[in-house]
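In the numbering used here, the protein residues as written are 1049 to 1106. Data block below; observations after.
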């Protein structure tokens, strides 16, 4: 099992409405599935709100 540390803050969501993603970066510290110092991206869904016809939240 890998141990990931040094997580950065989450970046802003890629969209203001409708499904988007946000990303943060981490670094492998040790483990079977990673090499020490190897970077990783953690991706999360965000802003599941529907967009109105003018692009605003509805």
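For glycine and all other residues, C-beta sits at the position ideal for the given N, C-alpha and C. In this text the structure is predicted, and so the values were computed from the model without any measurement.
Nearest neighbour of residue i, chosen from the options [CA to CA]
i	options	result
residue 1057	1083, 1081, 1063 and 1092	1092
residue 1074	1081, 1101, 1089 and 1084	1089
residue 1060	1050, 1069 and 1053	1069
Delimiting residues of the beta strand (DSSP E) encompassing residue i
i	result
residue 1091	1087-1094
residue 1077	1068-1078
residue 1058	Counting along the chain, residue 1058 falls outside any beta strand (DSSP E), and DSSP gives it neither H nor E.
Same chain only: Cβ atoms within 6 Å of residue i, ignoring 5 sequence neighbours per side
i	result
residue 1096	1067
Nonlocal neighbours in the same chain, by C-beta distance under 8 Å from residue i, ignoring five residues either side
i	result
residue 1086	1075 and 1076
residue 1055	1072, 1073, 1074 and 1090
Nonlocal neighbours in the same chain, by C-beta distance under 7 Å from residue i, ignoring five residues either side
i	result
residue 1083	1076
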